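K.L.:
Chains as they are written, first to last, in the working numbering: chain A, 47 to 390; chain B, 47 to 390; chain C, 47 to 390; chain D, 47 to 390.
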């Protein structure tokens with residue numbers, strides 16, 4: 047059994063991580079920290095874990111809180127993991143940060159978007175971007191994994207086969223994505239009240255969303271050249287799920303994209319390319335680590351529309367973190383990640 | 047008082063039309079027909095109208111059912127109004143069709159998309175497309191008004207200032223739009239059950255939606271040349287509302303689009319351009335005849351993103367039909383259309 | 047035109063009050079106060095009022111803020127109106143408190159349930175409980191009206207005909223009621239996030255809810271003797287609406303309750319007794335000032351089940367306050383309250 | 047591995063059964079029938095099972111369709127399982143009916159409520175009512191199990207400790223329960239459209255619901271004498287979940303009910319009694335086989351309020367059927383039933 051420590055597990059990525067790890071056959075959660083909840087039982091905060099989890103939150107500053115652990119997973123807001131990383135790595139622990147501290151390789155760019163000074167810029171270059179479909183081997187060996195953001199996971203998995211093969215005009219990449227409200231986290235925030243967010247849709251951060259540079263970095267890397275990427279996120283009245291609708295102009299409209307995507311993802315356990323003409327529902331991936339993708343070619347145009355869906359808290363956060371953990375520990379990549387979405 | 051007859055008022059556009067007309071200070075609903083509900087009271091079908099509407103559904107084939115009427119409004123499914131139109135116009139009545147029978151000027155194209163033979167192709171050329179912001183004067187004089195579709199209303203109002211001024215590259219127009227479930231009508235249909243449509247998002251008809259040719263026709267007309275238009279509709283878990291996110295590449299990125307849009311819509315009672323940087327929520331237009339629009343310019347690109355929101359049943363259907371009725375009757379255009387959206 | 051001042055209109059009862067008063071044909075809103083929003087426009091806080099309301103929030107401590115007003119309506123949290131009441135009444139203004147400060151006649155009981163000292167206990171006896179179906183004449187003459195709570199409105203209107211006629215055993219009255227989330231107000235509160243409150247139902251405050259003593263007081267008064275009342279409120283995933291399911295054991299099971307209820311409410315403009323066997327939906331009263339009621343007699347028992355539905359923000363708060371305002375000003379009781387619920 | 051056949055798995059109880067059995071470590075689904083879907087793959091009907099289930103629907107009339115099976119589970123509408131039962135039992139198969147055909151021991155009463163003639167009244171007496179918390183040993187040996195209804199599961203588990211100990215006055219039992227829309231099944235039915243059922247609550251079948259006699263039978267049996275039971279079900283805008291609020295007058299108000307309930311359910315793997323003062327949310331049991339219960343004593347009364355929550359499709363249908371299957375096969379009762387509810 048691998049011993050895992052969790053930093054800051056009181057938010058939605060924390061509760062999702064616990065839901066997955068509590069039943070993981072090869073993992074023991076050895077410690078979980080929270081400054082605010084120290085001394086309280088995990089099950090009192092998350093009643094869905096009553097009877098399934100005996101953990102008590104520890105003080106993150108406590109003596110030897112992760113002394114027994116092999117791997118630490120950070121489920122904190124942005125800007126916390128980087129304050130722990132140097133010490134943890136120095137003690138020989140490995141770290142998966144579910145937040146954004148190590149996702150952007152250009153530290154100045156990161157500081158600009160996240161509005162803070164990076165606490166350990168020297169570790170950024172070492173961090174492996176934890177998208178297994180792109181970086182599987184590097185992840186397996188990594189000391190420090192930067193787990194991708196939710197939108198970046200859906201958008202990059204949708205675009206990868208296209209940009210890896212130079213099939214998208216670099217200035218034509220756009221994404222219109224919608225997310226459930228859990229993407230905003232568990233903070234008490236008026237616009238996320240049911241009374242405000244239900245029965246309504248709105249775009250947000252059209253002037254600039256932090257996931258834009260993360261996606262642009264990933265697509266540029268995959269394309270081998272800089273790409274331009276326009277991103278419009280929206281919030282819709284549901285709890286979990288991201289549906290990303292991707293647009294690009296094709297450099298070669300004659301390529302069989304359906305075959306290309308199926309070949310690219312044939313051996314991926316968590317990417318499911320629908321048959322031609324399909325429309326994935328977010329509910330079919332809810333609570334699972336799957337990304338479901340469909341490819342459409344609007345008639346009479348040189349454009350492609352790709353539909354990519356994930357659960358923002360699972361493949362978009364904690365599920366992917368467990369997938370990375372499995373890779374890092376040499377487990378089967380699907381271990382503990384075999385849930386089937388509730389239907390209905 | 048103008049006397050209005052309603053054909054087929056048992057669906058959602060019918061109930062919305064009744065909600066508006068029952069309180070309209072210058073209109074009397076003289077008759078409402080339904081084959082299935084003939085003889086039953088309107089209030090028994092729509093309990094929200096109990097105490098507010100004494101009408102009984104009439105048989106559409108009944109003798110002189112609309113004999114007293116000045117204007118007939120058709121709230122039926124597609125393909126019904128065209129079977130009534132010649133007879134009604136011949137009797138000197140004016141007709142507003144809320145469905146699609148007279149929206150597409152190319153009859154062959156209409157027949158291809160709607161899968162039926164047109165019943166009165168000779169009337170199509172006469173029909174005025176009922177988008178007041180584009181055709182106000184023609185509507186006022188029309189005998190036959192083709193009320194626009196819901197997506198076409200949101201998309202065209204969002205794009206008009208751009209394409210009227212040649213500011214969008216003609217092959218760059220795209221829209222990603224989401225709609226509440228009421229857009230699918232009141233038919234018993236498994237995918238629209240709450241158990242299926244709640245807590246999920248999916249795109250649909252990406253291979254071809256009937257509103258695509260309607261929008262392409264309208265934008266081409268406004269542009270004075272053919273435009274290419276890619277359209278991706280989605281259904282989201284709410285009852286009412288459309289949020290259309292529009293994309294185009296600008297021919298002249300230096301134009302002040304905020305000023306352009308404000309000027310274009312300054313005198314429009316039902317189009318509200320938000321201050322720069324805004325994000326309209328669909329809930330702020332729910333139950334109203336408003337279209338709220340915001341303009342964004344993604345940094346470092348030559349693209350524009352326009353956000354356009356309406357209530358699909360009001361400005362996107364029955365409210366706009368009442369606006370057209372007001373124009374046709376010489377009333378103040380806002381008569382009976384002054385509701386304020388519920389908040390929350 | 048009557049000039050109305052509003053204290054503290056930044057919450058949901060405030061926005062609902064503005065929605066109603068802005069269109070009221072005989073009312074002008076002369077001033078609205080908010081400590082936090084002083085100097086900001088009302089429409090910037092409530093985008094649904096853009097173009098319909100030019101008011102700017104005033105400082106509640108400002109000089110002569112309600113100098114011009116005839117009536118002041120308080121839409122603040124509990125405990126605020128009582129700090130303004132003595133001064134306002136002394137200046138000859140009349141006051142309608144939408145919160146709970148003047149609802150409970152037993153000041154000690156009030157202080158116990160609301161956890162604070164009453165600021166003007168001497169005014170409590172003068173305050174008229176603003177349930178027009180019970181107190182119409184007293185309201186018309188009142189200086190100070192205590193607008194009923196949301197649950198108390200639904201429950202009392204459902205029970206009144208029964209208890210007024212001694213038909214319910216006094217120890218048998220129970221109510222199981224569900225409310226939408228807007229009942230919890232606009233405070234940022236984690237359990238009311240869409241991510242928490244959607245797709246779930248829970249009871250709350252079963253150990254004691256503040257509306258229990260208010261209802262018990264009202265039913266005891268109507269019965270002319272003390273009654274025992276068990277109350278279980280629940281929160282369900284919707285924005286607006288209360289559905290109260292009421293139970294009592296009948297003292298005389300032979301009475302025709304349907305006829306009794308219809309007679310009791312025949313002349314009430316805002317109480318609609320459904321035909322026998324009916325089941326009111328909360329959506330048919332959403333955004334309206336209506337209370338819809340149905341009466342059921344479980345077979346083979348001496349019990350009655352009454353279903354009573356309102357919109358918690360309209361008949362359950364601000365709509366009823368406007369109804370009271372109309373009575374106090376000698377207007378038609380339905381003035382400004384003629385909306386029809388959106389369907390769907 | 048036990049081989050299970052499923053009759054009629056195209057509805058929500060069928061999809062839930064598949065979700066559970068596909069991952070069950072000791073079960074193989076050998077066949078699944080559907081007249082309408084014969085020849086089609088299960089995954090094409092239920093996309094959430096893509097990649098997890100290779101079954102194809104068989105014709106229920108097909109030769110030897112369940113020849114290989116040990117147990118057959120029927121997930122059909124009411125009235126179907128009884129037409130298969132005699133033949134299946136004669137062939138030595140065991141049968142679990144998730145519908146209502148064998149729940150009511152009084153065949154005449156069943157025929158009255160279900161509006162049809164019973165096809166095999168001679169088997170009704172043999173059928174074991176599949177509530178493990180009441181009938182564990184009989185279930186283990188049964189040939190024919192009548193799986194309880196959803197409301198009956200929540201209501202009976204909530205009342206059992208009380209009525210088994212004679213603590214409730216027999217004429218005082220009442221339940222007000224709310225259900226998500228999945229309880230209405232997958233039939234295309236206008237009132238269950240999201241456009242109709244969202245943002246609304248209503249009671250239904252107050253004049254008589256089929257679960258009333260099932261519950262009255264169970265409570266009378268547990269009490270050892272006839273009890274009177276008043277039942278009011280409601281539908282609320284969510285997919286899954288039942289929250290039952292139970293009321294009774296106590297014969298002995300001095301009993302420590304919290305201790306009584308904790309003792310009664312101490313060894314039950316799927317009944318969780320919350321600490322005193324708790325309020326269970328339906329979301330904490332969603333997708334699980336748990337029933338969470340809390341006990342409240344309204345102050346100053348001799349009444350008790352019990353809150354009981356389940357997932358209507360899991361503990362209220364297919365999960366409980368799997369629990370019964372485990373008992374019948376001698377497996378650990380929790381096998382395949384260890385999911386943790388998604389949060390949020």
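Just so you know, even glycine gets a beta-carbon here, dropped at the ideal spot from N, CA and C.
No experiment lies behind these values; they were computed from the predicted model shown.
In the DSSP output, what is residue 115 (chain C) paired with across the bridge?
P.N.:
Answer by DSSP bridge pairing: none, since residue 115 (chain C) is not bridged.
K.L.:
Can you list, in chain order, the residues of its chain whose CB lies under 7 angstroms from that of residue 229 (chain C), leaving out five sequence neighbours each side?
P.N.:
196 and 358
K.L.:
Which two residues bound the contiguous beta strand (DSSP E) that contains residue 184 (chain C)?
P.N.:
First-last for residue 184 (chain C): 178-187, but that is the alpha helix (DSSP H), not the beta strand (DSSP E).
K.L.:
Given a cut-off of 7 angstroms, decide if residue 349 (chain B) and residue 295 (chain B) are closer than it, judged by their beta-carbon atoms.
P.N.:
yes
K.L.:
Could you please tell me which residues of the stretch 109-138 of chain A, in chain order, have their CB closer than 9 angstroms to any CB of chain B?
P.N.:
none
K.L.:
What residues in the stretch 278-291 of chain A have a beta carbon less than 9 angstroms from any beta carbon of chain B?
P.N.:
278, 280, 282, 283, 284, 285, 286, 287, 288, 289 and 291
K.L.:
Would you say residue 249 (chain B) and residue 280 (chain B) are within 7 angstroms of each other, going by their C-beta atoms?
P.N.:
yes
K.L.:
Could you confirm whether any beta carbon from chain A is found closer than 7 angstroms to the beta carbon of residue 249 (chain B)?
P.N.:
yes
K.L.:
What residues in its chain sit with their C-beta under 6 angstroms from that of residue 131 (chain D), if we drop five residues either side in the sequence?
P.N.:
141, 166 and 169
K.L.:
Could you check where the alpha helix (DSSP H) with residue 375 (chain C) kicks off and where it finishes?
P.N.:
365-375 is the extent of the alpha helix (DSSP H) around residue 375 (chain C).
K.L.:
Does any residue of chain A have a CB that is nearer than 7 angstroms to the CB of residue 237 (chain B)?
P.N.:
no
K.L.:
What did DSSP end up calling residue 295 (chain B) once you bin it into helix, strand or coil?
P.N.:
strand
K.L.:
Taking the straight line between their C-alpha atoms, what separation do you get for residue 50 (chain A) and residue 154 (chain A)?
P.N.:
Between residue 50 (chain A) and residue 154 (chain A), the alpha-carbon positions lie close to 32 angstroms from each other.
K.L.:
Give me the chain D residues within the contact set of residue 328 (chain C), using Cβ-Cβ distance strictly less than 9 angstroms, ordered along the chain.
P.N.:
Listed along chain D are 245, 246, 247 and 248, each with a C-beta nearer than 9 angstroms to that of residue 328 (chain C).
K.L.:
Just to confirm my understanding: we take residue 116 (chain A), look at its own chain, exclude 5 residues before and 5 after, and list those with CB closer than 8 angstroms. What are they?
P.N.:
48, 49, 50, 139, 140 and 375
K.L.:
Does the stretch 308-323 of chain C come close enough to the stretch 299-316 of chain D that 3 or more CB-CB pairs lie under 8 angstroms?
P.N.:
no
K.L.:
If we define contact as Cβ-Cβ less than 7 angstroms, is residue 448 (chain B) a contact residue for chain C?
P.N.:
Look at the range of chain B in this structure, 47 to 390, and you will see that residue 448 (chain B) is not part of it.
K.L.:
Leaving aside the five residues before and after residue 210 (chain D) along the sequence, list all residues of the same chain whose C-beta is less than 8 angstroms from its C-beta, in chain order.
P.N.:
268, 269 and 310
K.L.:
Looking only at its chain, what residues have a beta carbon closer than 7 angstroms to the beta carbon of residue 378 (chain C), apart from the 5 residues adjacent to it on each side?
P.N.:
372
K.L.:
Hey, is residue 252 (chain B)'s beta-carbon within less than 7 angstroms of any beta-carbon in chain A?
P.N.:
Yes, contact with chain A.
K.L.:
In chain order, what residues of the same chain have a beta carbon less than 6 angstroms from the beta carbon of residue 341 (chain D), not counting five sequence neighbours either side?
P.N.:
303, 304, 307 and 352
K.L.:
Compute the Euclidean distance between the alpha carbons of residue 369 (chain A) and residue 143 (chain A), then round it to the nearest angstrom.
P.N.:
Distance between residue 369 (chain A) and residue 143 (chain A), taken at the CA atoms: about 13 angstroms.
K.L.:
What residues from chain D crowd round residue 272 (chain C), counting only those whose CB sits closer than 8 angstroms?
P.N.:
What residue 272 (chain C) touches in chain D: nothing, since even the nearest Cβ is about 11 angstroms away.
K.L.:
So which residues on chain B does residue 58 (chain C) lean against when the C-beta distance must stay under 9 angstroms?
P.N.:
One finds 389 and 390 in chain B with Cβ atoms closer than 9 angstroms to the Cβ of residue 58 (chain C), taken in chain order.
K.L.:
Going by beta-carbon coordinates alone, are residue 225 (chain C) and residue 288 (chain C) separated by less than 7 angstroms?
P.N.:
In this structure, residue 225 (chain C) lies near residue 288 (chain C), with their beta-carbon atoms less than 7 angstroms apart.
K.L.:
Considering just the uninterrupted stretch of the alpha helix (DSSP H) at residue 423 (chain B), what are its terminal residues?
P.N.:
No answer is possible for residue 423 (chain B): the residues shown for chain B start at 47 and end at 390.
K.L.:
In chain A, which residues lie with their C-beta within 9 angstroms of the C-beta of residue 227 (chain C)?
P.N.:
239, 240, 241 and 244
K.L.:
Taking just the CA atoms, how far does residue 275 (chain D) sit from residue 181 (chain D)?
P.N.:
22 angstroms
K.L.:
Just to confirm my understanding: we take residue 96 (chain D), look at its own chain, exclude 5 residues before and 5 after, and list those with CB closer than 6 angstroms. What are they?
P.N.:
Correct list, in chain order: 89.
K.L.:
May I ask you to check if the CB of residue 171 (chain D) is nearer than 6 angstroms to at least one heavy atom of the ligand GDP?
P.N.:
The model depicted lacks the ligand GDP and carries no ligand whatsoever.
K.L.:
Return the CA-CA distance between residue 84 (chain C) and residue 103 (chain C), expressed in angstroms with no decimal places.
P.N.:
5 angstroms
K.L.:
On the DSSP bridge assignment, give the partners of residue 49 (chain D) in chain order.
P.N.:
Per DSSP, D:74.
K.L.:
Measure the alpha-carbon distance for residue 53 (chain C) versus residue 59 (chain C) and round it to whole angstroms.
P.N.:
11 angstroms
K.L.:
Once the 5 residues before and after residue 301 (chain C) are set aside, which same chain residues still bring their CB inside 7 angstroms of it?
P.N.:
So the qualifying residues of the chain are 213.
K.L.:
So if I threshold CB-CB distances at 9 angstroms, which residues from the stretch 81-96 of chain B count as touching chain D?
P.N.:
none
K.L.:
Taking the C-alpha atoms as reference points, what is the distance between residue 56 (chain A) and residue 237 (chain A)?
P.N.:
About 21 angstroms.
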